[in-house]
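Quick note: the sequence shown uses my numbering, first residue 11, plus one each step. Virtual Cβ for every residue (Gly too), placed ideally from N, Cα, C. Worksheet for the structure shown next.
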Amino acid sequence: MPRHIVCLTFDFDTQSGFIARGMTTPTPLSRGEFGALASRRILAFLKSRDIATTWCVPGFTIESWPKECAAVVEHGHEIANHSWAHIPSATMTREEEEADLVRANEAIVRLTGRKPRGYRSASWDLSASTIDLLIAHGFVYDSSLMGGDYLPYRARRGDVAELGKPYAFGAETSLIEMPISWSLDDYPHFEFVRTQATILAGLQSARTVMQNWLDEFHYMKKTVDWGVLTYTMHPYVIGRGYRMLAFEDLVAKLAAEGAIFMTLEAAAAEAKQRLSGSAGTAAS
Numbered sequence: 011m012p013r014h015i016v017c018l019t020f021d022f023d024t025q026s027g028f029i030a031r032g033m034t035t036p037t038p039l040s041r042g043e044f045g046a047l048a049s050r051r052i053l054a055f056l057k058s059r060d061i062a063t064t065w066c067v068p069g070f071t072i073e074s075w076p077k078e079c080a081a082v083v084e085h086g087h088e089i090a091n092h093s094w095a096h097i098p099s100a101t102m103t104r105e106e107e108e109a110d111l112v113r114a115n116e117a118i119v120r121l122t123g124r125k126p127r128g129y130r131s132a133s134w135d136l137s138a139s140t141i142d143l144l145i146a147h148g149f150v151y152d153s154s155l156m157g158g159d160y161l162p163y164r165a166r167r168g169d170v171a172e173l174g175k176p177y178a179f180g181a182e183t184s185l186i187e188m189p190i191s192w193s194l195d196d197y198p199h200f201e202f203v204r205t206q207a208t209i210l211a212g213l214q215s216a217r218t219v220m221q222n223w224l225d226e227f228h229y230m231k232k233t234v235d236w237g238v239l240t241y242t243m244h245p246y247v248i249g250r251g252y253r254m255l256a257f258e259d260l261v262a263k264l265a266a267e268g269a270i271f272m273t274l275e276a277a278a279a280e281a282k283q284r285l286s287g288s289a290g291t292a293a294s
């Protein structure tokens with residue numbers, strides 16, 4: 011029987027991403043602050059639909075907005091590790107990355123009483139050490155890579171990319187990769203960001219973007235009997251009123267068309283079951 015899973019995920023960054031990029035004047039920080047307000051309306055909507063989701067939360071947000079993060083847990087949603095300071099993994103040494111990972115884990119344990127099963131890197135940019143660190147610290151899945159769309163796969167370690175040479179694929183691991191895409195992320199579609207170097211124009215029509223996201227679900231249904239589609243949102247982005255209306259309509263249409271809403275943890279467990287024994291034994 012066909013089974014088409016949708017994972018609604020929320021990167022609850024608040025001010026962390028702006029601080030990590032050095033944007034520490036009052037106005038950019040206030041953009042992140044809006045995410046705390048928006049989280050409440052998102053939680054209320056999800057409760058009305060009885061949908062469990064995954065919130066990828068930096069340790070910064072847990073310690074800066076404890077009531078809002080406690081509300082996410084109280085509403086029954088999964089908390090995944092999204093670093094502590096929202097610094098991209100690829101910009102840190104192995105020691106810095108591990109310290110940040112552990113600090114974020116400790117904040118999550120204080121919040122939820124359990125270690126997180128999932129990880130999503132800040133800005134979706136892993137280092138050469140990330141997969142090994144996640145395995146060493148007991149993670150079940152990652153959601154930072156784009157090597158697939160509807161079919162989770164086993165993350166590899168040890169890939170080598172050198173100019174002028176064929177790509178060298180590393181070994182598969184036990185870590186389940188729940189693939190993502192910038193096209194299914196609200197931030198590049200909606201946010202206006204101006205720096206000295208670049209301008210992210212954003213500000214696209216919410217209805218148009220949500221129709222694109224619905225069409226992605228249609229294509230998954232057309233091409234695979236079993237699949238997982240992961241949408242990535244940020245409370246301070248999707249939480250604006252007109253975007254919420256479009257998002258609510260998207261969820262209603264997905265539900266009407268048979269989408270099965272799950273947390274990333276639950277979907278990863280199902281994917282792991284399907285992958286077991288499919289291509290030999292993966293390295294731990």
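Residue closest to residue i, alpha-carbon to alpha-carbon, out of the options
i: Gln206; options: Ser26, Met33, Asn115, Ile97; result: Met33
i: Thr183; options: Asp60, Arg204, Cys79, Arg167; result: Arg167
i: Leu155; options: Ser131, Gly148, Ala178, Gly174; result: Ser131
i: Ala138; options: Arg113, Met102, Asp110, Gly128; result: Met102
i: Leu144; options: Asp159, Leu121, Asp110, Gly174; result: Asp110
i: Val261; options: Phe22, Ile61, Glu108, Gln25; result: Ile61
i: Arg120; options: Gly69, Gly174, Ile29, Arg31; result: Gly69
i: Asp196; options: Gln25, Arg217, Thr208; result: Arg217
i: Lys125; options: Phe149, Ala276, Arg104; result: Phe149
i: Ala165; options: Pro36, Pro189, Ala265; result: Pro189
i: Val67; options: Lys175, Arg113, Ala269; result: Arg113
i: Asp50; options: Gly174, His85, Ala266, Gln25; result: Just to set this straight, residue 50 is Arg in the shown sequence, not Asp. Arg50 has its Cα closest to that of His85, out of Gly174, His85, Ala266, Gln25.
i: Ser153; options: Leu173, Arg104, Tyr241; result: Tyr241
CB-CB length for residue i against residue j, believed under 8 Å
i: His199; j: Gln214; result: 5 Å
i: Leu274; j: Cys17; result: 5 Å
i: Tyr246; j: Arg41; result: 6 Å
i: Met243; j: Phe20; result: 5 Å
i: Phe257; j: Leu239; result: Contact doesn't hold; Cβ gap of about 15 Å is too wide.
i: His96; j: Asp23; result: 6 Å
i: Glu107; j: Thr71; result: Wrong, their Cβ atoms sit about 19 Å apart, outside the cutoff.
i: Glu73; j: Ala117; result: 6 Å
i: Pro36; j: Phe28; result: Not quite, the Cβ-Cβ distance comes to about 11 Å (not below 8 Å), so this is no contact.
Contact check, residue i vs residue j, beta carbons under 8 Å
i: Thr301; j: Leu56; result: Summary: the structure shown does not reach residue 301, with the chain confined to residues 11 through 294, and so no result is reported for it.
i: Asn115; j: His92; result: no
i: Gly249; j: Phe44; result: yes
i: Glu201; j: Tyr163; result: no
i: Leu53; j: Val82; result: yes
i: Asp159; j: Ser191; result: yes
i: Leu185; j: Tyr151; result: yes
i: Val234; j: Leu161; result: yes
i: Pro98; j: Ser58; result: no
i: Leu136; j: Ala178; result: no
i: Leu210; j: Val219; result: no
i: Gly157; j: Asp169; result: no
Beta carbon proximity, residue i to chain B, threshold 8 Å
i: Gln206; result: In the structure shown, chain B does not exist; there is a single protein chain.
Check your understanding: If you pair each beta-carbon of the region 12-22 with each one of the region 271-285, do three or more pairs fall below 8 Å?
Key -> Of all C-beta pairs linking the region 12-22 to the region 271-285, three or more are shorter than 8 Å, placing the two stretches in contact.
Point to revise | Start-end ranges of the beta strand (DSSP E) lying completely within the region 217-291, minimum 3 residues | key: Fully enclosed beta strand (DSSP E) runs of 3 or longer: 236-243.
Check your understanding: Would the region 77-87 and the region 249-266 be scored as touching if the rule is three or more Cβ pairs under 8 Å?
Key -> When C-beta atoms of the region 77-87 are compared with those of the region 249-266, fewer than three pairs fall below 8 Å, so the two segments do not count as touching.
Point to revise | Runs of beta strand (DSSP E) lying entirely within the region 164-192, each at least 3 residues, in chain order | key: Fully enclosed beta strand (DSSP E) runs of 3 or longer: 181-187.
Review point. If you pair each beta-carbon of the region 82-99 with each one of the region 118-129, do three or more pairs fall below 8 Å?
Key: As far as the Cβ criterion goes, the region 82-99 touches the region 118-129, which means the pair count is three or higher.
**Study point:** Start-end ranges of the alpha helix (DSSP H) lying completely within the region 98-141, minimum 4 residues
**Key:** Correct list: 104-122.
**Study point:** In chain order, each alpha helix (DSSP H) run of at least 4 residues that lies wholly inside the region 21-79
**Key:** Given a length threshold of 4 residues, each whole run of the alpha helix (DSSP H) inside the region 21-79 is given here in chain order: 26-30, 36-59, 69-74.
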